[in-house]
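Keeping their order, the protein sequence lines are chains C and S. One point on numbering: in the working numbering, the residue at position 81 of the first sequence is 81, and numbering is uninterrupted. One point on numbering: in the working numbering, the residue at position 165 of the second sequence is 165, and numbering is uninterrupted.
2 protein chains.
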Amino acid sequence: MSEGIDTGRLTPRDREILKEVILTHILSAEPVSSRSVSKHSHLGLSAATIRNVMADLEEWGFLVQPHTSAGRVPTAAAYHLFIESMMEMRKVPAKEKRYIEENLKSSSADADQLVGATSHLLSELSQQVGIVVTPGWGETVLKAVDFVPVSGRRVLCVVVSSTGFIDNKLIETEEEIPRAELQRISNYLTENFGGQTLRQIRDQILRLMAEERAQMDRALARTIDLARNGLDLDSGPEVVVDGAQTLLARPELSDIQRVRRMFEAFADKARLVRMLSQCLLGSGVRVLIGEDNDLTSELDFSLVAMPYGVGQQTLGTLGIFGPSRMDYQKVIPLVHFLGETLSRALAETFSGGSDRK
Amino acid sequence: MSEGIDTGRLTPRDREILKEVILTHILSAEPVSSRSVSKHSHLGLSAATIRNVMADLEEWGFLVQPHTSAGRVPTAAAYHLFIESMMEMRKVPAKEKRYIEENLKSSSADADQLVGATSHLLSELSQQVGIVVTPGWGETVLKAVDFVPVSGRRVLCVVVSSTGFIDNKLIETEEEIPRAELQRISNYLTENFGGQTLRQIRDQILRLMAEERAQMDRALARTIDLARNGLDLDSGPEVVVDGAQTLLARPELSDIQRVRRMFEAFADKARLVRMLSQCLLGSGVRVLIGEDNDLTSELDFSLVAMPYGVGQQTLGTLGIFGPSRMDYQKVIPLVHFLGETLSRALAETFSGGSDRK
DNA sequence: TCTTAGCACTCTCCCGTCGAGAGTGCTAAG
DNA sequence: CTTAGCACTCTCGACGGGAGAGTGCTAAGA
Numbered sequence: 001m002s003e004g005i006d007t008g009r010l011t012p013r014d015r016e017i018l019k020e021v022i023l024t025h026i027l028s029a030e031p032v033s034s035r036s037v038s039k040h041s042h043l044g045l046s047a048a049t050i051r052n053v054m055a056d057l058e059e060w061g062f063l064v065q066p067h068t069s070a071g072r073v074p075t076a077a078a079y080h081l082f083i084e085s086m087m088e089m090r091k092v093p094a095k096e097k098r099y100i101e102e103n104l105k106s107s108s109a110d111a112d113q114l115v116g117a118t119s120h121l122l123s124e125l126s127q128q129v130g131i132v133v134t135p136g137w138g139e140t141v142l143k144a145v146d147f148v149p150v151s152g153r154r155v156l157c158v159v160v161s162s163t164g165f166i167d168n169k170l171i172e173t174e175e176e177i178p179r180a181e182l183q184r185i186s187n188y189l190t191e192n193f194g195g196q197t198l199r200q201i202r203d204q205i206l207r208l209m210a211e212e213r214a215q216m217d218r219a220l221a222r223t224i225d226l227a228r229n230g231l232d233l234d235s236g237p238e239v240v241v242d243g244a245q246t247l248l249a250r251p252e253l254s255d256i257q258r259v260r261r262m263f264e265a266f267a268d269k270a271r272l273v274r275m276l277s278q279c280l281l282g283s284g285v286r287v288l289i290g291e292d293n294d295l296t297s298e299l300d301f302s303l304v305a306m307p308y309g310v311g312q313q314t315l316g317t318l319g320i321f322g323p324s325r326m327d328y329q330k331v332i333p334l335v336h337f338l339g340e341t342l343s344r345a346l347a348e349t350f351s352g353g354s355d356r357k
Numbered sequence: 001m002s003e004g005i006d007t008g009r010l011t012p013r014d015r016e017i018l019k020e021v022i023l024t025h026i027l028s029a030e031p032v033s034s035r036s037v038s039k040h041s042h043l044g045l046s047a048a049t050i051r052n053v054m055a056d057l058e059e060w061g062f063l064v065q066p067h068t069s070a071g072r073v074p075t076a077a078a079y080h081l082f083i084e085s086m087m088e089m090r091k092v093p094a095k096e097k098r099y100i101e102e103n104l105k106s107s108s109a110d111a112d113q114l115v116g117a118t119s120h121l122l123s124e125l126s127q128q129v130g131i132v133v134t135p136g137w138g139e140t141v142l143k144a145v146d147f148v149p150v151s152g153r154r155v156l157c158v159v160v161s162s163t164g165f166i167d168n169k170l171i172e173t174e175e176e177i178p179r180a181e182l183q184r185i186s187n188y189l190t191e192n193f194g195g196q197t198l199r200q201i202r203d204q205i206l207r208l209m210a211e212e213r214a215q216m217d218r219a220l221a222r223t224i225d226l227a228r229n230g231l232d233l234d235s236g237p238e239v240v241v242d243g244a245q246t247l248l249a250r251p252e253l254s255d256i257q258r259v260r261r262m263f264e265a266f267a268d269k270a271r272l273v274r275m276l277s278q279c280l281l282g283s284g285v286r287v288l289i290g291e292d293n294d295l296t297s298e299l300d301f302s303l304v305a306m307p308y309g310v311g312q313q314t315l316g317t318l319g320i321f322g323p324s325r326m327d328y329q330k331v332i333p334l335v336h337f338l339g340e341t342l343s344r345a346l347a348e349t350f351s352g353g354s355d356r357k
């Protein structure tokens, strides 16, 4: 929709007025009147003049009136224009940066803890909903496997990814395997399969099984069996959502129907992942507002999100979800900073710090 | 408060009428009129007679009127009486039992997964909020420890409790320790400390450190150091809450203020744990309604909960939280069945099944 | 003595009205 | 091109009346 709008038509004065409307609306959550723009902008124009301009802006698709004789509210197109060319970013305060870095110290935190902390920080510092999508296991590169005997034929398989994600899986073997042999198998698998993705490993194992089933000895058979069961983690990306209740105080969620729709949206993880995935391409912060997307338009919400990852590899997305009327000047740099900090923390977990001595 | 009420005063007819009021209110969520009781009960009494009785019941503290000339609503005392002596339990349908048992199969599920599934089942089958409290780590009995080298000085410590709970903790050691030695240490600690609680183990280690620091050799020092860091899990009980959004459809949550208070209540984990802990004593299902407790009375909610555990050892509590107007006949047996099934599943995880061959 | 029909009373809820207030659009003059 | 002025529109809260539901009380009946 926003492509259809001819922004070239806007004079500097039009832009100034539109900006004032947006800023005021972000603060007040109410339709903005011509009078308030006239008073607060430094243009020295009367309300009547502002009204003429606002009528134009409405015609061009940047403003809407909830009803005749009400003030005006910015559209998604207006927010996009504001973000792209009318807004100066507000830097993340040093205090918040310190706070974030303290909470995302990579030492003694695995990736899941980092992701959880990130989600919480996003929510806490923006007073909106924080969302982080974790990478699925299929494309994960294996760092280490370990089998721990826990009782009888039950074995705990611990899988560590190269980016610090950990998964546990309890498996049942056909016969009891002594601790020493489990350790041999752990070592063997870690050494031989470390550095490959779980998908590659699974394919390899299936091939091995098909080819050599006949001449396999008992030890190899056990190894393959354990690997097949333990490394068979095909779970997709997970979504970590934090702070949904902070939005309950906002005026835009004063009616139950919208609250319900919001929680239904959060319950539909697959749809959330799909929405967040739109921000996977590129490397910077991307903003989805209203009409772009079903979920955001349904609720009049926006999504400010960016991908995170280690080196060239993108692992997932993180972002803030909340009413379109949000403080983009603050929120965009915040998402950016958290994305970089999380990426850095993940990179340090296993490669930096203690490794480079 | 309920102790102060003289239930002996109630004639069988009074009880019948009270029961009818409660049952009707549970279905309708509205104040119950004398006329509707007169029509639906089989007493063959006129509305006027019912009115007299209801006036008495109100005087005795079992009913209240939202306002004059409205029907009547049961009090917490009425629900308690209903549950204790007026209600026949409705058995959990065989279909639901099967569904539960399928979802709580102990094989290849660790305790955290079982707890998560239980919480979800509680919510799904009751259409209320499901809550499960996990045991804190301090009193947990160790089953196995395992150290996995992941990179440089970073070591992943995996702790498995005797009841199937698993925790991972990434620790940083002073120097790089070879994989083989880590495995020796894992074996040593598992063999020597298995069967003790983490608190006991920690005390023992501290004593060891104080006494023998001088004559410790390097290997022992490392072992103790790893044990001290890895087994230092003092996290308290966790609360797993599921299905808060299912309540949004209920008429009692039609105003935002109550929704907010409900979510604030869920955010205050410590208070939830405290409330649930009231149900730790005894072994059966316990019901807290309104006035008994600040959280339930604040929201006009009830808690139906029971402890779960393995053998003599109580591990935690599980229950259902929702508006006092809930279907106790269905919900109490459901909580009971889920409590037993979860306990059984946890018991089987490590002792049953594959162990007894 | 218990039950019940009858009736007056009370309270909620819905609906229409009304006036204030806010904001706009238009017009005509500067 | 700007702006003051004015009529117009729409929301919102207050007010009020009428319908409906339900009660409490009373007096008559079993």
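From the three backbone atoms N, C-alpha and C, an ideal C-beta is built for every residue, glycine too.
Quick one: what's got a C-beta closer than 6 Å to S:His-120's C-beta in the same chain, skipping five residues either side? Excluding positions up to five away in sequence, the list reads Asp-242.
Between which two residues does the alpha helix (DSSP H) containing S:Thr-140 stretch? Note, S:Thr-140: premise wrong, no alpha helix (DSSP H); not H, not E.
Does the count of Cβ pairs from the region 233-240 of chain C and the region 124-143 of chain C closer than 8 Å reach three? Flag = yes, the region 233-240 of chain C and the region 124-143 of chain C touch.
Rounded to whole angstroms, what is the Cα-Cα separation between C:Arg-184 and S:Arg-179? Approximately 11 Å between the Cα atoms of the pair.
Return yes when at least one heavy atom of the ligand PLP lies under 7 Å from the C-beta of C:Ile-205, else no. Annotation note on the ligand PLP: not contained in the displayed structure, which lists no ligands.
What are the boundary residues of the beta strand (DSSP E) that includes S:Gln-313? Looking at the DSSP string, the run of the beta strand (DSSP E) that includes S:Gln-313 is 313-323.
Does any CB atom of chain C fall closer than 8 Å to the CB of S:Leu-342? Cβ-Cβ to chain C under 8 Å: no for S:Leu-342.
Could you check whether the Cβ of C:Leu-288 sits closer than 8 Å to any Cβ belonging to chain S? With its beta carbon at least 8 Å from every one in chain S, C:Leu-288 lies outside the interface.
For the candidate residues S:Lys-91, S:Arg-261, S:Leu-182, whose alpha-carbon lies nearest to that of S:Ile-224? When each option's Cα is compared against that of S:Ile-224, the closest is S:Leu-182.
Check S:Ala-76 in the structure and name its three-state DSSP category. Under the three-state reduction of DSSP output, S:Ala-76 falls in the helix class.
Mapping the DSSP letters down to three states, classify S:Val-285 as helix, strand or coil. Under the three-state reduction of DSSP, S:Val-285 is assigned to coil, being neither helix nor strand.
Cutoff 8 Å: S:Val-417 Cβ touching any chain C Cβ: In the structure as shown, chain S begins at 1 and stops at 357. Residue 417 of chain S is therefore absent and cannot be evaluated.
Shorter than 8 Å from the beta carbon of S:Arg-358 to some beta carbon of chain C? The structure shown does not extend to residue 358 of chain S, since chain S is modelled only from 1 to 357, so the question has no answer here.
Reduced DSSP category for C:Asp-255 - H, G, I as helix; E, B as strand; rest coil: Of the three classes helix, strand and coil, the one that applies to C:Asp-255 here is coil, per DSSP.
In whole angstroms, what is the alpha-carbon distance linking S:Pro-307 and S:Ala-219? Their backbone Cα atoms lie some 43 Å apart in a straight line.
To the nearest angstrom, how far is the alpha carbon of S:Leu-142 from that of S:Leu-198? Each residue's Cα considered, the two are about 7 Å apart.
How about S:Thr-173 and S:Arg-153: are their beta carbons less than 8 Å apart? One thing to note: S:Thr-173 has its Cβ within 8 Å of the Cβ of S:Arg-153.
Tell me whether the beta-carbon of C:Ala-227 lies closer than 8 Å to the beta-carbon of C:Leu-189. When the beta-carbon positions are compared, C:Ala-227 and C:Leu-189 come within less than 8 Å of each other.
Using a Cβ-Cβ cut-off of less than 7 Å, list which residues of the region 226-244 of chain C approach chain S; keep chain order. So the list is empty, because no residue satisfies the distance condition.
Within the same chain, show all residues whose beta-carbon is closer than 7 Å to that of S:Arg-250, passing over the 5 residues directly before and after it, in chain order. Correct list, in chain order: Pro-323.
By how many angstroms is the C-alpha of C:Phe-301 removed from the C-alpha of C:Leu-295? Just so you know, the alpha carbons of C:Leu-295 and C:Phe-301 end up roughly 8 Å apart.
Would C:Leu-280 and C:Ile-100 qualify as a contact pair, given that the criterion is a beta-carbon distance under 8 Å? No.
Return helix, strand or coil for C:Lys-169, following the three-state DSSP convention. It is a strand residue.
Which residues in chain C have a C-beta closer than 8 Å to the C-beta of S:Ile-256? List them in chain order. For a Cβ distance threshold of 8 Å, residue set Leu-248, Leu-253, Ser-254, Asp-255, Ile-256, Val-259 of chain C lies close to S:Ile-256, ordered along the chain.
Any beta-carbon of chain S closer than 8 Å to the one on C:Arg-154? Taking Cβ atoms only, chain S reaches closer than 8 Å to C:Arg-154, which makes this a yes.
Beta-bridge partners of C:Met-306, as assigned by DSSP: The bridge partners DSSP lists for C:Met-306 are C:Leu-318.
Based on Cα-Cα distance, which residue from S:Pro-93, S:Val-64, S:Ala-265 lies nearest to S:Asp-79? The amino acid at residue 79 of chain S is misidentified as Asp; the sequence shows Tyr. If we check each option's Cα against that of S:Tyr-79, S:Val-64 comes out closest.
For C:Gln-183 and chain S, any beta-carbon pair shorter than 8 Å? It does; some Cβ of chain S falls within 8 Å.
Does the Cβ of S:Thr-75 have 16 or more other Cβ atoms within 10 Å, making it buried, or fewer, making it exposed? Under this definition S:Thr-75 is a buried residue.
List the residues of chain C whose Cβ lies closer than 9 Å to the Cβ of S:Val-129, in chain order. Chain C residues near S:Val-129: none, gap ~13 Å exceeds 9 Å.
Inter-residue spacing [alpha-carbon to alpha-carbon] between C:Leu-206 and S:Gln-113: A direct Cα-to-Cα measurement between C:Leu-206 and S:Gln-113 gives close to 28 Å.
Own chain residues within Cβ distance below 7 Å of C:Gln-127, not counting five before or after: Closer than 7 Å at Cβ, skipping near neighbours: Thr-246.
For the region 162-180 of chain C, enumerate the residues whose C-beta is nearer than 7 Å to any C-beta of chain S, in chain order. Within the region 162-180 of chain C, the qualifying residues are Ile-166, Asn-168, Leu-170, Ile-171, Glu-172, Arg-179.
Looking at the C-beta of S:Asp-268, does it have a partner C-beta in chain C at a distance below 8 Å? Not an interface residue.
Roughly how far, in whole angstroms, is the beta-carbon of C:Phe-350 from the beta-carbon of S:Val-150, given that I think they are within contact range, below 8 Å? About 6 Å separates the beta carbon of C:Phe-350 from that of S:Val-150, a gap short enough to meet the 8 Å contact definition.
Between the CA atoms of S:Tyr-328 and S:Ala-77 - distance to the nearest angstrom: Computed Cα separation, rounded: 14 Å.
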